[in-house]
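*Asks:* First the structure, which I've put down as structure tokens, then a few questions once you've had a look.
There are 2 protein chains.
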Amino acid sequence: MTRNVLIEQIFEKKSFLCVGLDTERAKLPIHLQNDPNGILLFNKAIIDATRDLCVAYKPNLAFYEVLGPSGMQIFKETVDYIGKNHLIIADAKRGDIGNTGRMYADAFFNTYQCDAVTVAPYMGEDSIKPFLGYDGHWAIVLALTSNPGSADFQRTIQADSDNLCLFEKVIETLNQWGTPDNLMFVVGATHPEMFGRIRELAPRHFFLVPGIGAQGGDLSEVCKYGLNEDCGLLVNATRSIIYASNGLDFAEMARAEAYLLQQEMSQLLTMEMY
Amino acid sequence: MTRNVLIEQIFEKKSFLCVGLDTERAKLPIHLQNDPNGILLFNKAIIDATRDLCVAYKPNLAFYEVLGPSGMQIFKETVDYIGKNHLIIADAKRGDIGNTGRMYADAFFNTYQCDAVTVAPYMGEDSIKPFLGYDGHWAIVLALTSNPGSADFQRTIQADSDNLCLFEKVIETLNQWGTPDNLMFVVGATHPEMFGRIRELAPRHFFLVPGIGAQGGDLSEVCKYGLNEDCGLLVNATRSIIYASNGLDFAEMARAEAYLLQQEMSQLLTMEMY
Chain A
31 MTRNVLIEQI FEKKSFLCVG LDTERAKLPI HLQNDPNGIL LFNKAIIDAT RDLCVAYKPN
91 LAFYEVLGPS GMQIFKETVD YIGKNHLIIA DAKRGDIGNT GRMYADAFFN TYQCDAVTVA
151 PYMGEDSIKP FLGYDGHWAI VLALTSNPGS ADFQRTIQAD SDNLCLFEKV IETLNQWGTP
211 DNLMFVVGAT HPEMFGRIRE LAPRHFFLVP GIGAQGGDLS EVCKYGLNED CGLLVNATRS
271 IIYASNGLDF AEMARAEAYL LQQEMSQLLT MEMY
Chain B
31 MTRNVLIEQI FEKKSFLCVG LDTERAKLPI HLQNDPNGIL LFNKAIIDAT RDLCVAYKPN
91 LAFYEVLGPS GMQIFKETVD YIGKNHLIIA DAKRGDIGNT GRMYADAFFN TYQCDAVTVA
151 PYMGEDSIKP FLGYDGHWAI VLALTSNPGS ADFQRTIQAD SDNLCLFEKV IETLNQWGTP
211 DNLMFVVGAT HPEMFGRIRE LAPRHFFLVP GIGAQGGDLS EVCKYGLNED CGLLVNATRS
271 IIYASNGLDF AEMARAEAYL LQQEMSQLLT MEMY
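Residue numbers (the numbering used here), protein chains in the order written: chain A, 31 to 304; chain B, 31 to 304.
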């Protein structure tokens with residue numbers, strides 16, 4: 031999905047919501063837990079309940095890999111079921127030397143037909159460029175993540191780069207390799223105080239923002255400094271939506287949670303941008 | 031596989047060779063390229079030809095993921111075929127927030143029965159600790175990798191850590207979280223000048239060393255500073271072994287290449303250590 035189509039979708043739906051699909055058998059409603067097809071049925075129900083309220087889905091690869099080869103089949107069928115009208119983000123945090131990076135890009139963009147992959151920057155240029163060579167596809171590179179461990183290395187001070195933090199250096203460096211058409215950054219909602227600074231470093235790029243909901247991030251704080259004229263944000267919620275209820279009403283309740291976020295997004299888009 | 035068993039294996043076989051299994055259909059011998067079971071047959075032949083010459087195998091996940099769900103089945107059958115007498119390293123370069131990290135550890139240590147996983151450090155403590163909680167299993171954390179992109183972030187200078195390079199800070203920090211029994215580091219053979227310094231920072235840890243052969247690293251240079259009293263090195267070769275020939279003699283030629291390395295290792299172990 032190209033940048034223009036993504037922006038159109040956002041303003042049409044008045045939503046920049048991404049729904050995470052970290053689907054775990056133990057957290058399914060009881061009636062699906064014992065169904066061998068339960069995870070796929072759950073994903074399909076969540077997708078049907080939220081399609082018109084979100085612009086992106088983000089299946090988390092770990093939750094499918096743990097199920098063995100059949101889990102990858104569920105991942106594939108989930109992606110196929112989502113279809114072409116949403117940005118599909120393989121949340122895979124890959125990153126390896128050039129010839130291996132090309133295989134990962136081929137795996138997620140061709141084999142599994144995703145639009146975007148999350149990528150870790152530690153291995154540098156040749157680990158990231160393979161993801162930047164596909165029209166209408168995206169590398170979403172980890173900059174400042176939402177977890178406690180983001181303090182350990184991402185925020186260390188770089189003496190050879192004007193005392194930038196590592197995540198700032200990552201953004202500055204990546205901007206030389208990619209463009210706002212093929213590169214986004216992961217910026218956790220748990221660091222709203224940093225959004226202004228990060229927006230300064232990457233004024234036109236989209237940010238994928240995890241950490242709303244279960245991890246404690248605040249949507250309006252993120253938007254205050256993060257929104258740009260094209261919206262520029264994809265805000266992800268996972269557990270607060272997909273596990274809103276573990277009863278028979280799980281899809282209905284997922285929709286209700288997604289609707290609340292979409293309504294808030296609609297207001298924030300209007301306030302900040304018109 | 032525990033540290034003690036690994037060390038025993040190394041001194042029994044007089045080898046610290048790890049064979050990489052980055053198997054790609056286009057590079058198979060012609061008679062296997064068109065066989066639907068060709069990749070698994072190739073892996074089994076390579077394993078049979080090298081079993082007594084190496085102590086570890088390292089399948090590279092990208093090469094199996096690109097094949098879709100059936101590729102993960104080939105990965106699983108390859109791991110099963112290797113069995114319990116070699117250290118099996120899932121070269122996956124994973125790394126994600128705590129609850130996702132736990133899923134990745136579960137996937138590789140339980141679902142796929144590997145002994146070790148390569149892990150990227152960018153996301154910090156909660157992304158790495160899930161891999162450290164399994165007896166006889168290992169996180170192999172990226173420190174200084176073999177690729178050109180290792181210059182971009184791994185070698186930047188950390189003003190808040192006595193001007194260490196980032197990879198040095200990674201090693202120092204990781205040493206507080208793991209031990210030589212559950213933690214190794216990836217140190218590329220393409221930086222032999224750094225081995226002395228890295229051995230200083232982690233005197234007892236094993237290093238997984240890619241970059242010998244096709245990438246240009248030199249084994250004796252690596253050993254000069256990298257060997258410790260328990261050997262402390264697993265040196266990986268991939269393309270130079272598995273693609274030594276693309277004829278009917280591919281397994282024989284793979285064995286010949288592995289044998290040359292094992293002989294060199296046997297001498298280096300003797301020279302440095304007895």
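Just so you know, even glycine gets a beta-carbon here, dropped at the ideal spot from N, CA and C. Keep in mind the model is a prediction, meaning the values are calculated, not measured.
Can you tell me whether Leu-305/A is helix, strand or coil according to DSSP?
*Replies:* Outside the displayed range of chain A (31 to 304) lies residue 305/A, so it cannot be described from this structure.
*Asks:* So, under 8 Å CB-CB, Cys-84/B and Ile-118/B are touching, yes? Tell me the CB distance rounded to an integer number of Å.
*Replies:* Cys-84/B to Ile-118/B, Cβ: 11 Å. No contact.
*Asks:* Cβ closer than 7 Å: which chain A residues qualify as neighbours of Met-133/B?
*Replies:* Residues of chain A passing the Cβ test: Ala-92, Phe-93, Val-96.
*Asks:* Smallest Cα separation from Thr-53/A: which of Gly-277/A, Tyr-289/A, Ile-272/A, Asp-65/A?
*Replies:* Measuring from the Cα of Thr-53/A, the nearest candidate turns out to be Ile-272/A.
*Asks:* Consult DSSP for Gly-179/B and reduce its assignment to one of helix, strand or coil.
*Replies:* Reduced to three states, the DSSP call for Gly-179/B is helix.
*Asks:* Of the residues Leu-213/B, Leu-51/B, Gly-128/B, which one's Cα is nearest the Cα of Ile-170/B?
*Replies:* Out of Leu-213/B, Leu-51/B, Gly-128/B, Leu-213/B has the C-alpha closest to the C-alpha of Ile-170/B.
*Asks:* For Phe-280/B versus Gly-256/B, is the C-beta spacing smaller than 8 Å?
*Replies:* The answer is no: Cβ separation not under 8 Å.
*Asks:* So with Cβ pairs under 8 Å, would you call Ala-311/A a contact of chain B?
*Replies:* In the structure as shown, chain A begins at 31 and stops at 304. Residue 311/A is therefore absent and cannot be evaluated.
*Asks:* From the DSSP output, read off the bridge partner residues of Gly-50/B.
*Replies:* Bridge partners of Gly-50/B: Lys-88/B.
*Asks:* For the region 175-199 of chain A, which residues have a beta carbon sitting closer than 8 Å to at least one beta carbon of chain B?
*Replies:* For the region 175-199 of chain A, which is checked against every Cβ of chain B, the residues closer than 8 Å are Thr-175, Ser-176, Asn-177, Pro-178, Gly-179, Ser-180, Ala-181, Asp-182, Phe-183, Gln-184, Thr-186, Ile-187, Gln-188, Ala-189, Asp-190, Ser-191, Asn-193, Leu-196, Lys-199.
*Asks:* Cα separation between Asp-136/A and Val-96/B?
*Replies:* Near 6 Å, if we compare the C-alpha coordinates of Val-96/B and Asp-136/A.
*Asks:* At the level of alpha carbons, what is the spacing between Leu-278/A and Leu-249/A?
*Replies:* The straight-line gap from Cα to Cα measures roughly 29 Å.
*Asks:* Just to confirm before moving on: does the CB-CB distance between Met-295/B and Phe-41/B stay below 8 Å?
*Replies:* No, the Cβ-Cβ distance between Met-295/B and Phe-41/B is not below 8 Å.
*Asks:* Let's test the definition: count the other Cβ atoms within 10 Å of the Cβ of Val-217/A and tell me whether it reaches 16, buried, or not, exposed.
*Replies:* With 16 or more other Cβ atoms within 10 Å, it is buried.
*Asks:* Taking 8 Å as the cut-off, decide whether the C-beta atoms of Ile-187/A and Ala-173/B are in contact.
*Replies:* Contact: no.
*Asks:* Are the CB atoms of Gly-262/B and Thr-220/B within a distance shorter than 8 Å?
*Replies:* Contact: no.
*Asks:* Please report how far the alpha carbon of Ile-104/B lies from the alpha carbon of Arg-185/A, in whole angstroms.
*Replies:* Straight-line Cα distance between these residues: approximately 40 Å.
*Asks:* Measure the Cβ-Cβ separation of Cys-48/A and Ala-79/A and say whether it is below 8 Å.
*Replies:* No, the pair does not count as a contact, with Cβ atoms beyond the cut-off.
*Asks:* Can the beta-carbon of Ala-150/B be found closer than 8 Å to that of Ala-150/A?
*Replies:* Yes, the Cβ-Cβ distance between Ala-150/B and Ala-150/A is below 8 Å.
*Asks:* Within 10 angstroms of its Cβ, does Pro-222/A collect 16 or more other Cβ (buried), or is it exposed?
*Replies:* Buried, because 16 or more other Cβ atoms sit within 10 Å of the Cβ of Pro-222/A.
*Asks:* Taking C-beta pairs closer than 7 Å, name the residues in chain A that Gln-103/B reaches, listed in chain order.
*Replies:* Neighbours of Gln-103/B on chain A, chain order: Pro-99.
*Asks:* Out of Gln-39/A, Tyr-94/A, Asn-64/A, Thr-108/A, which has the shortest C-alpha to C-alpha gap to Lys-74/A?
*Replies:* The option with the nearest alpha carbon to Lys-74/A is Thr-108/A.
*Asks:* Kindly indicate which residue of Thr-175/B, Glu-155/B, Leu-162/B has the alpha-carbon position closest to the one of Asp-156/A.
*Replies:* Measuring from the Cα of Asp-156/A, the nearest candidate turns out to be Thr-175/B.
*Asks:* Report yes or no: is there a C-beta of chain A within less than 8 Å of the C-beta of Lys-5/B?
*Replies:* It is not possible to answer for residue 5/B, since the shown part of chain B is limited to 31 through 304.
*Asks:* Are the CB atoms of Ala-267/A and Gly-50/A within a distance shorter than 8 Å?
*Replies:* In contact: Gly-50/A and Ala-267/A (Cβ atoms closer than 8 Å).
*Asks:* Provide the residue span of the alpha helix (DSSP H) that contains Ala-79/B, from first to last.
*Replies:* Run containing Ala-79/B: 68-80, per the alpha helix (DSSP H) assignment.
*Asks:* May I have the straight-line CA-CA distance separating Gly-128/B from Asp-65/A, to the nearest angstrom?
*Replies:* Distance between the alpha carbons of Gly-128/B and Asp-65/A: 28 Å.
*Asks:* Apply the 10 Å Cβ neighbour rule to Glu-198/A and answer buried if 16 or more other Cβ atoms are within range, or exposed otherwise.
*Replies:* By the neighbour-count rule (16 or more Cβ atoms within 10 Å), Glu-198/A is buried.
*Asks:* Taking all protein chains shown into account, decide if His-61/A is buried (16 or more other Cβ within 10 angstroms of its Cβ) or exposed.
*Replies:* Exposed, since its Cβ has fewer than 16 Cβ neighbours within 10 Å.
*Asks:* Can you check whether the CB of Ala-146/B is closer than 8 Å to the CB of Ala-181/B?
*Replies:* Their beta carbons are not under 8 Å apart, which means Ala-181/B does not touch Ala-146/B by this criterion.
*Asks:* Reducing DSSP to helix, strand and coil, say where Phe-280/B ends up.
*Replies:* Looking at Phe-280/B - three-state DSSP - the assignment turns out to be helix.
*Asks:* Which term fits Ala-122/B, buried or exposed, when burial requires 16 or more other beta carbons within 10 angstroms of its beta carbon?
*Replies:* Classification for Ala-122/B: buried.
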